[in-house]
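Residue numbers (my numbering): 1253 to 1518.
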Amino acid sequence: MTSDKTAYFEDLGDRLVIYNANVANRNAITLELYDVISNALDLATEADRIRSVIFTGAGSFFCAGGDLNRIKTRRFEPLEDRKAHIEILHDIIRRFRSCPKPVIAAVEGGAAGAGVSLAYACDFIVASKEARFTVSYVRVGLTPDGGITHRLMKMLPRPLVNELCLFADPIAAERLYQLGALNQLSEPGEAMSGASAIADRLANSPTSALSRIKDLLNAAEHSTFEEQMHLERDHMAIAVTEDAAVEGITAFFEKRKPDFVKPGDS
């Protein structure tokens, strides 16, 4: 069913699973992957029943980054065309970040180059204990893209980021986990199970609240304290009127578990 595809997604009802399936090339990024991600995120945005999105690599490696066979031909293109190619990746990164549903990366084997950028565009990362992350651009005379320098500088000490970007030294998932830069470690071959467990926890969550909280967390990275308080005020003032809050507060007083999944969700 999927042998001729380099990417596809599955609709599992309360979640979508996006597969990067360019296995013959260690799941290097393809244009088909961009299209599949875009289509999946469109559905996740529109369908209330979908509580989360999982992004993973088929086989034993998450993503090797950009396809150097394509990249090497771009030196002959006009500057604006070269920028446009990079913006395709950047648009996908932005879409992961702005998706109203949490996005979970399940990383087996490792991630390199823009594969690291894609992983860190997600809200949760579950990685195999044996996985390694490599910001590999300098090895081939290139510079990072996909917002990864921003993400790493937000999470890790500058001396370590220098090593990762200037030396392209691989960093083990276990060390990233110790530094608070991964959500979970799994046994090899079990990253998808860990991601599914997170999706299970989100399955009965209120989609409106998830979306608002994700928006607040994204804004907090660049807002001043006053700006953030104003945004929190605005979101809270709307949230209290929504069905999720009515159900959640009612359930609290009735001493029962809230049911945020409506029969008509689609």
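For each residue, glycine too, the CB sits at the ideal point set by N, CA and C.
- Selection N1272, F1328 and R1303 evaluated against G1318 yields N1272 as nearest (Cα-Cα).
- Its Cα nearest to that of I1302, the residue A1451 stands out among L1469, F1376 and A1451.
- DSSP places N1279 in the coil class of the three-state scheme, outside both helix and strand.
- Assignment of beta-bridge partners to L1437 by DSSP yields A1379.
- The beta carbon of R1278 sits closer than 6 Å to those of F1313 and A1316, all from its chain and outside the five residues before and after it, given in chain order.
- The Cβ atoms of F1376 and V1355 sit closer than 9 Å to each other.
- In the structure shown, R1301 adopts coil according to DSSP, grouped into three states.
- In this structure S1448 is buried. Its beta-carbon is surrounded by 16 or more other beta-carbon atoms within 10 angstroms.
- When C-alpha distances from R1427 are compared across D1266, P1409 and A1471, the shortest belongs to P1409.
- D1467 is a Cβ neighbour of P1352, given a cutoff of 9 Å.
- Annotation: A1373 to T1476 spans about 22 Å, alpha carbon to alpha carbon.
- The C-beta distance from S1369 to I1400 rounds to 4 Å, short enough to fall under 8 Å.
- Just measuring C-alpha positions, the residue of L1431, M1488, F1512 and R1403 sitting nearest H1474 is R1403.
- Scanning K1514, A1299 and L1285 for the CA closest to the CA of A1366 turns up L1285.
- The DSSP-derived three-state label of D1263 is strand.
- In this structure, V1390 lies away from L1320, with their beta-carbon atoms at least 9 Å apart.
- Looking only at R1347, I1344 and E1382, the smallest Cα-Cα distance to G1362 is reached by E1382.
- The C-beta of G1432 has fewer than 16 other C-beta atoms within 10 Å across all chains shown, which makes the residue exposed.
- Rounded to the nearest whole angstrom, the C-alpha separation of A1336 and A1443 is 33 Å.
- Under DSSP, Y1271 shares a beta bridge with Y1260 and T1308.
- At a cut-off of 3 residues, the continuous stretches assigned as beta strand (DSSP E) that sit fully inside the segment 1391-1478 are 1436-1438.
- Partner residues in the beta bridge of T1386, as assigned by DSSP, are A1364.
- Here R1327 is exposed. Its C-beta has fewer than 16 other C-beta atoms within 10 Å.
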